[in-house]
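First up is the structure itself, then whatever we jot down about it.
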Amino acid sequence: MKQKLLTCVVISLLLSGGPTVLADTQLDKIDQQLNQVKKQLKEAERLGNKARSEMEQIQKQKSEYADQIQQIQSDIDTSSRKLLQLSNRVKEVEENLKYTTGLLEQAEERVSTREALLNNRIRLLYMNGVVSYLDVLLSSTSFMDFLDRVSAIQSIVKQDKQLLALNIIDRQEVENKKKDVEAQLSYVNDLVVQTSEIRKQLEGKQKNKQVAIASLETKEEQLEEIREEHEKEILQLADQQGKLVKQQAELKNQQKKPKKKIVKYSGGQMTWPVPSSDRITSMWGPRIHPITGKKKNHNGLDIAAPNGDSIVAAASGTVVLAQWYGDFGNCVIIEHENGIRTLYAHIRTGGIKVKVGDEVSAGDKIAEVGSTGASTGNHLHFGVYVNNQNVDPLSYLK
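Numbers -23 to -1, 1 to 375, taken from mature numbering (1 follows the signal peptide of the UniProt record, and there is no 0), label the letters of the sequence shown in order.
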């Protein structure tokens, strides 16, 4: 009898505590899953930031290479102009050499004429002997005739000496000028060869830099794909985290009455998320990215506002993400009913005013405007997602 009574008491206690024990077990399991998701989020964020950092380095290197290519092109243009000038100079020197060669030929003709005259006189002297001059003097008919003959002989001898001197001068001057022109031509041709080689080297450098830029662009595209994959992973993990947070809240609500009734978004009009500003700087849809310069779909609405201005929840819901979120920088994501989520990005450092699991109402302050992540100035990037599909936020805002 006592044994039966003890068994009934134990069964009664187990039955009465069963739901609580089960809920606690489920909460422990959810906590473990949340911790795992947070670790995965942190790792995905780290890898995404790493890819973004590498992309920034690549963009910096591309910019440096572009500057170098511009300088190389300037040097190529300079060498091309120099080659043109040298080419014109070569033509001038060649014309000068042609002219000098003509002068040399004329001088050779004069030398030949003088040499013929001198050779003729030498031949006469050889045939008639040195006494010819003496015979000429002794055959004088008078003293005056003698003096005239002496003067004539002196003139002939002087003329012969002048002819020899002129031959030497003619040859030397023209040959020297020709050598000078040939030296100029050789020098200019050497400059042409050197300049052509320099331009060839510059063109090789330019080609190498262009190949390097093309390689960097390929790597940049690969990193962009990696970064986008990590962003998708973060979004999926945030979705998983949101579901776990909801399950956690529901289990806790089963154990105790909530102090505050949650008002959830039911698909009506949303509150404008930046009360201090209505200035839209970038609409949802295709645009040229202000940082990468590439055409890409803009998955939100950019609202410009001063640093530190309040950001409010567009609708009631549960905070499922409140941390750094890749290119979005500091970010908050709120989950509403009917598969709708709102995203608030580029929040200033220290500007997140909620945490994961917080329940907020439309108009509650959740953050402050900033310019963290891939941003070019202070603004709020506001996004709306329906069943994880990005939609135009304007159709949901008041």
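In this text, a Cβ means the ideal position worked out from N, Cα and C, and glycines have one as well.
Inset, instruction - State whether the region 253 to 265 contacts the region 329 to 340, with contact taken as three or more CB pairs (one from each stretch) at a distance under 8 Å. - result: Contact fails: fewer than three Cβ-Cβ distances are below 8 Å.
Inset, instruction - Give the straight-line distance between the Cα atoms of Trp261 and Phe359, rounded to the nearest whole angstrom. - result: Straight-line Cα distance between these residues: approximately 10 Å.
Inset, instruction - Identify every residue that forms a DSSP beta bridge with Trp301. - result: Asn307
Inset, instruction - Quick one: measure Cβ to Cβ for Ala299 and Gly340, integer angstroms, because I've assumed they're closer than 8 Å. - result: Their Cβ separation, rounded to whole angstroms, is 18 Å, which puts Ala299 and Gly340 out of contact at 8 Å.
Inset, instruction - Could you tell me if Gly303 is buried or exposed, where buried requires 16 or more neighbouring beta carbons within 10 angstroms of its beta carbon? - result: By the 16-neighbour rule on beta-carbons within 10 angstroms, Gly303 is buried.
Inset, instruction - Whole angstroms is fine: what's the gap from Tyr373's alpha carbon to Thr248's? - result: Their Cα atoms are separated by approximately 9 Å.
Legend entry - Cut-off 6 Å between Cβ atoms - residues of its own chain near Val108, not counting five sequence neighbours on either side: In this predicted model, Val108 has a pLDDT of only 45, less than 50, meaning its place in the structure is not dependable enough to derive any value.
Legend entry - Segments assigned beta strand (DSSP E), at least 3 residues, entirely inside the region 335 to 373: 342 to 345, 356 to 363 and 366 to 368
Legend entry - Backbone secondary structure at Ala322 - three-state DSSP: strand
Inset, instruction - Please confirm whether Lys155 and Thr77 have their CB atoms less than 7 Å apart. - result: yes
Inset, instruction - Could you check which residue in Pro263, Val165 and Leu221 has the C-alpha nearest to that of Asp5? - result: Leu221
Inset, instruction - Spell out a yes or no on whether the region 351 to 366 and the region 314 to 324 are touching, meaning 3 or more CB-CB pairs, one atom from each, closer than 8 Å. - result: Pairwise C-beta distances place the region 351 to 366 in contact with the region 314 to 324, as three or more of them are shorter than 8 Å.
Inset, instruction - Note the first and the last residue of the continuous beta strand (DSSP E) segment covering Asp279. - result: In the DSSP assignment, Asp279 falls within the beta strand (DSSP E) that extends over Leu278 to Ala281.
Legend entry - Nearest-angstrom beta carbon gap, Asn364 and Gly316 [assumed within contact, 8 Å]: 4 Å
Inset, instruction - Using 10 angstroms around the beta-carbon of Gln218, count the other beta-carbons present and answer buried if the total reaches 16, otherwise exposed. - result: buried
Legend entry - Whole-angstrom distance between Gln34 and Glu69, CA atom to CA atom: Straight-line Cα distance between these residues: approximately 52 Å.
Inset, instruction - For the beta strand (DSSP E) containing residue 388, list its first residue and its last residue. - result: An answer regarding residue 388 cannot be provided, because it is not within the stretch -23 to 375 covered by the chain.
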